[in-house]
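Chains A and B supply the protein sequences, listed in that same order. First residue of the first sequence? That's 13 in the working numbering, and the numbers climb one at a time after it. First residue of the second sequence? That's 529 in the working numbering, and the numbers climb one at a time after it. Built from N, CA and C at the ideal position, the CB exists for glycine as well. Computed from a prediction, not measured in an experiment: that's the story for all the values here.
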Amino acid sequence: MTKTEFEPAIPSRPVYGVLHPAVGSAHLFVADGEGAGAVCDALTSAPALKAAAHVIYIPGANGSDHTGALQALGVAQFHRAPSFAAALPRLTKVLADAHMGMQIYAAGTEGLMAQVAAAAQAAGLPYEAVQMEHRGSLARRVQCVHCKGVTENVTLDPFQCSHCGLTLFVRDHFSRRLAAFQGVCIDAEDPGQIPASVERFK
Amino acid sequence: MSLDFNDETFRGDFTYRNSARAIKRFPFPFPEDSYMYSVNMEPHVPGPVGSVFEHMFDVDEHYVSEMRDRAQVLADDPLRCQSLPHMELAGWDLLELIMESKARDYPHWFSLHRDGNQWHWINRPLQIEQRFTFMDASTLPCGPMEYITRQTQGDFTLQDQRDDDLWIEAGMVTTQADWSLDFDIGMSFKQWHAPVPLAHQAGIFDRALKFLLKLQHGAPVRRFNWTMTVDPLLDTSPENYPKWGPSKTTMTPETVGRRQHLRVELQTLHRLPRSNAIAFPIRCYLISFQDLVTVPKWARRMHRVVRDIPDELATYKGFIRNKALMLDYLAPFDDGLPTSPGFAPE
Ligand code: HEM
Numbered sequence: 013m014t015k016t017e018f019e020p021a022i023p024s025r026p027v028y029g030v031l032h033p034a035v036g037s038a039h040l041f042v043a044d045g046e047g048a049g050a051v052c053d054a055l056t057s058a059p060a061l062k063a064a065a066h067v068i069y070i071p072g073a074n075g076s077d078h079t080g081a082l083q084a085l086g087v088a089q090f091h092r093a094p095s096f097a098a099a100l101p102r103l104t105k106v107l108a109d110a111h112m113g114m115q116i117y118a119a120g121t122e123g124l125m126a127q128v129a130a131a132a133q134a135a136g137l138p139y140e141a142v143q144m145e146h147r148g149s150l151a152r153r154v155q156c157v158h159c160k161g162v163t164e165n166v167t168l169d170p171f172q173c174s175h176c177g178l179t180l181f182v183r184d185h186f187s188r189r190l191a192a193f194q195g196v197c198i199d200a201e202d203p204g205q206i207p208a209s210v211e212r213f214k
Numbered sequence: 529m530s531l532d533f534n535d536e537t538f539r540g541d542f543t544y545r546n547s548a549r550a551i552k553r554f555p556f557p558f559p560e561d562s563y564m565y566s567v568n569m570e571p572h573v574p575g576p577v578g579s580v581f582e583h584m585f586d587v588d589e590h591y592v593s594e595m596r597d598r599a600q601v602l603a604d605d606p607l608r609c610q611s612l613p614h615m616e617l618a619g620w621d622l623l624e625l626i627m628e629s630k631a632r633d634y635p636h637w638f639s640l641h642r643d644g645n646q647w648h649w650i651n652r653p654l655q656i657e658q659r660f661t662f663m664d665a666s667t668l669p670c671g672p673m674e675y676i677t678r679q680t681q682g683d684f685t686l687q688d689q690r691d692d693d694l695w696i697e698a699g700m701v702t703t704q705a706d707w708s709l710d711f712d713i714g715m716s717f718k719q720w721h722a723p724v725p726l727a728h729q730a731g732i733f734d735r736a737l738k739f740l741l742k743l744q745h746g747a748p749v750r751r752f753n754w755t756m757t758v759d760p761l762l763d764t765s766p767e768n769y770p771k772w773g774p775s776k777t778t779m780t781p782e783t784v785g786r787r788q789h790l791r792v793e794l795q796t797l798h799r800l801p802r803s804n805a806i807a808f809p810i811r812c813y814l815i816s817f818q819d820l821v822t823v824p825k826w827a828r829r830m831h832r833v834v835r836d837i838p839d840e841l842a843t844y845k846g847f848i849r850n851k852a853l854m855l856d857y858l859a860p861f862d863d864g865l866p867t868s869p870g871f872a873p874e
């Protein structure tokens with residue numbers, strides 16, 4: 013479970029840090045895939061928080077599943093969800109019930125972290141309320157600028173939009189509101205001239 | 529349509545034309561023979577009679593047809609007009625600014641009668657008459673920003689100001705140079721400018737933001753931006769890129785003069801009084817190369833700007849693939865003579 017090295021990013025793309033256990037009455041952790049490692053590191057360095065910690069975990073789309081390690085932490089509440097969409101109702105409820113002083117942490121892929129931050133904002137919390145640490149897969153959540161559909165876990169560039177079928181190149185431009193990068197038709201000017209896909213976001 | 533306004537299209541058969549008067553008053557955006565990004569802002573004060581700067585909001589011969597084109601874009605894609613819930617007050621500020629300016633500057637076309645909060649607006653070119661209660665959105669057919677920008681040329685965005693930053697949180701965007709309001713809405717000044725090359729590193733956005741945060745009500749400023757567009761298409765949106773992208777590949781030496789257009793954005797920035805938001809109108813003017821070269825200074829200068837522009841900018845602006853074609857067309861109009869400083873024809 014290594015930390016991810018980032019290439020320099022354009023200013024719309026968030027920069028991520030390292031989870032720092034903070035003082036608070038409750039601690040909500042949401043992680044996917046290798047993000048489990050960041051949760052383990054944080055709670056191992058501050059074991060006193062475990063009694064007030066709620067961990068929601070989604071195994072990675074690339075198959076990485078660290079459920080066992082998280083369960084072994086012995087936190088107050090642990091929930092394993094099959095997807096972010098499935099976790100969202102629970103997350104929304106926890107955020108709505110949150111008291112002042114609840115600390116929120118997100119770790120794993122950029123798409124996961126951005127969706128946690130968007131859920132927190134929808135609950136009236138500022139974007140900065142969510143601590144983020146990137147771990148593992150660089151797979152991107154991408155919105156097709158043409159049909160507006162979002163494709164999850166994009167590793168190839170260009171890739172085919174899972175909604176409208178256009179072949180899209182992946183820009184670095186990132187919307188926090190949509191929790192997504194932008195995909196733009198690659199053969200708009202020369203229909204049918206599509207370069208081979210490369211695995212850019214392992 | 530009355531004699532004041534052209535009946536023309538910005539799509540399909542592209543019947544858009546500039547009259548001799550429109551060519552003469554075209555806002556040519558280059559004060560010198562080369563171009564690079566800069567913090568190019570100056571007070572938006574009234575300019576010479578007949579110029580596009582004469583009034584706060586220029587209404588020209590394309591007005592009625594442009595509004596028809598906007599209505600079509602919105603019917604096809606309602607996401608081109610969005611306003612986050614807390615931005616309605618800024619929408620009222622904008623409606624007031626535009627209605628008061630137009631009624632003052634063009635009394636033969638627009639009238640505004642105010643009796644307390646009971647307002648009566650008349651827009652003769654578009655044959656609209658509306659009585660409504662100022663600050664009560666239920667008395668208008670749609671929100672205040674959408675209502676007034678369906679009647680005003682140019683795109684509009686509204687920026688909330690907080691945490692020492694500007695946040696793009698409402699807009700009417702149907703004549704954009706290839707950026708998406710739906711994607712950018714909610715972003716901060718540097719976030720929405722993220723795709724622009726070179727300018728961040730040059731500190732341009734730091735300085736521009738610092739300046740804008742101190743913008744005062746009643747002291748609007750203006751700047752130019754420009755790009756190139758094939759055919760007089762107002763809606764060069766990323767959303768519709770697969771529809772208009774192929775037009776870049778079908779220009780020939782015979783058609784470049786008629787089809788290649790310089791696209792100029794006259795951008796103004798206005799602090800709004802109640803919301804403290806900043807309104808950003810982005811007014812688009814299009815001129816074909818064949819009309820542009822009728823002014824010798826513009827022809828010379830356009831050739832030099834396109835010839836010497838850094839590849840990063842030509843790529844970002846989307847015309848690098850046609851640069852050679854454009855230069856072949858413009859070169860014969862450049863006799864190498866010096867040009868005078870400033871925007872005006874010699
Ligand atoms: C506050 C209102 C403003 C808004 C809403 C705005 C919006 C935008 C947008 C959406 C783009 C296109 C970015 C993309 O490629 O996705 C852009 C480009 C740009 N903006 Fe702004 N802008 C504003 C003010 C300014 C100011 C005050 C400056 C002054 C330096 C500026 C300088 C630029 C430049 C240099 C570009 C690149 C244009 C090109 O090469 O075509 N902007 N702006």
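- Straight across, the Cα-Cα distance linking A54 (chain A) with V724 (chain B) is about 37 Å.
- Distances taken from the Cβ of I696 (chain B) to the heavy atoms of the ligand HEM include one shorter than 7 Å.
- Below the 9 Å Cβ cutoff, chain A contributes E201 and D202 as neighbours of T777 (chain B), in chain order.
- Only residues of its own chain outside the window of five on either side were considered, and among them W695, E697 and A805 have a CB closer than 6 Å to the CB of D688 (chain B), listed in chain order.
- Neighbours of H185 (chain A) in chain B, taken as residues whose beta carbon is under 8 Å from its own, are F711, A722 and P723 in chain order.
- Going by DSSP, G72 (chain A) is part of no alpha helix (DSSP H) at all; its letter is neither H nor E.
- By the beta-carbon neighbour count (other beta carbons within 10 angstroms, threshold 16), T780 (chain B) is exposed.
- DSSP places F817 (chain B) in the uninterrupted alpha helix (DSSP H) bounded by F817 to L820.
- For S566 (chain B), no alpha helix (DSSP H) segment is defined, and its DSSP state is neither H nor E.
- At least 8 Å separates the CB of H175 (chain A) from every CB of chain B.
- Not one heavy atom of the ligand HEM lies closer than 7 Å to the C-beta of K771 (chain B).
- Considering only beta carbons, the part of the segment 723-756 of chain B lying closer than 7 Å to chain A consists of P723 and H728, in chain order.
- Runs of beta strand (DSSP E) with 3 or more residues, each lying fully within the segment 580-656 of chain B, are found at 609-611, 638-643 and 646-651, listed in chain order.
- In chain order, P770 make up the part of chain B whose C-beta sits under 8 Å from the C-beta of L178 (chain A).
- With a beta-carbon spacing of about 16 Å, G29 (chain A) and E46 (chain A) fall beyond the 8 Å limit used to define contacts.
- Burial state of D856 (chain B) is exposed, judged by a 10 Å Cβ sphere holding fewer than 16 other Cβ atoms.
- Taking 7 Å as the cut-off, one finds at least one heavy atom of the ligand HEM near enough to the beta carbon of P723 (chain B).
- Residue pairing by DSSP puts A65 (chain A) in a beta bridge opposite A:H39.
- By the CB criterion at 8 Å, K105 (chain A) and V87 (chain A) fall outside the cutoff.
- Residue environment: C609 (chain B) is assigned as buried (16 or more neighbouring CB atoms within 10 Å of its CB, all protein chains considered).
- A residue is called buried when at least 16 other Cβ atoms come within 10 angstroms of its Cβ; G619 (chain B) meets this threshold and is buried.
- Against chain B, a Cβ distance below 9 Å from S24 (chain A) picks out D712, M715, S716, K718, Q719, W720, H721, A722 and P723.
- Residue side-chain check: D863 (chain B) keeps its Cβ at 7 Å or more from all non-hydrogen atoms of the ligand HEM.
- Within the segment 32-48 of chain A, contact with chain B at the beta-carbon level (separation under 7 Å) is assigned to no residue.
- Nothing from the segment 127-140 of chain A brings a Cβ to less than 7 Å from some Cβ of chain B.
- The beta carbon of G773 (chain B) falls within 8 Å of a beta carbon belonging to chain A, placing the residue at that interface.
- Its chain contains V42, I68, I70, H91 and A93 as the residues whose beta carbon lies nearer than 8 Å to that of A99 (chain A), once the 5 sequence neighbours on both sides are disregarded; these appear in chain order.
- Of all residues in the segment 150-168 of chain A, only Q155, V157, H158 and K160 come within less than 8 Å of chain B when Cβ atoms are compared, listed by chain position.
- Of the candidates B:R598, B:R659, B:R652 and B:F533, the residue whose Cα lies closest to the Cα of V701 (chain B) is B:R598.
- Residues of chain B with a Cβ closer than 9 Å to the Cβ of V196 (chain A) are, in chain order, P766 and Y769.
- Proximity of S708 (chain B) to chain A, defined by a Cβ-Cβ separation below 8 Å, is satisfied.
- Below the 9 Å Cβ cutoff, chain B contributes G714, M715 and Q719 as neighbours of R188 (chain A), in chain order.
- Burial of K776 (chain B) is indicated by the presence of at least 16 other C-beta atoms within 10 angstroms of its C-beta.
- Nearest to L612 (chain B) by alpha-carbon distance, out of B:K742, B:Q704, B:P866 and B:D712, is B:D712.
- Between the segment 23-40 of chain A and the segment 115-130 of chain A there are three or more inter-stretch CB-CB distances shorter than 8 Å, so the stretches are counted as touching.
- When secondary structure is reduced to three states using DSSP, Q83 (chain A) falls in the helix class.
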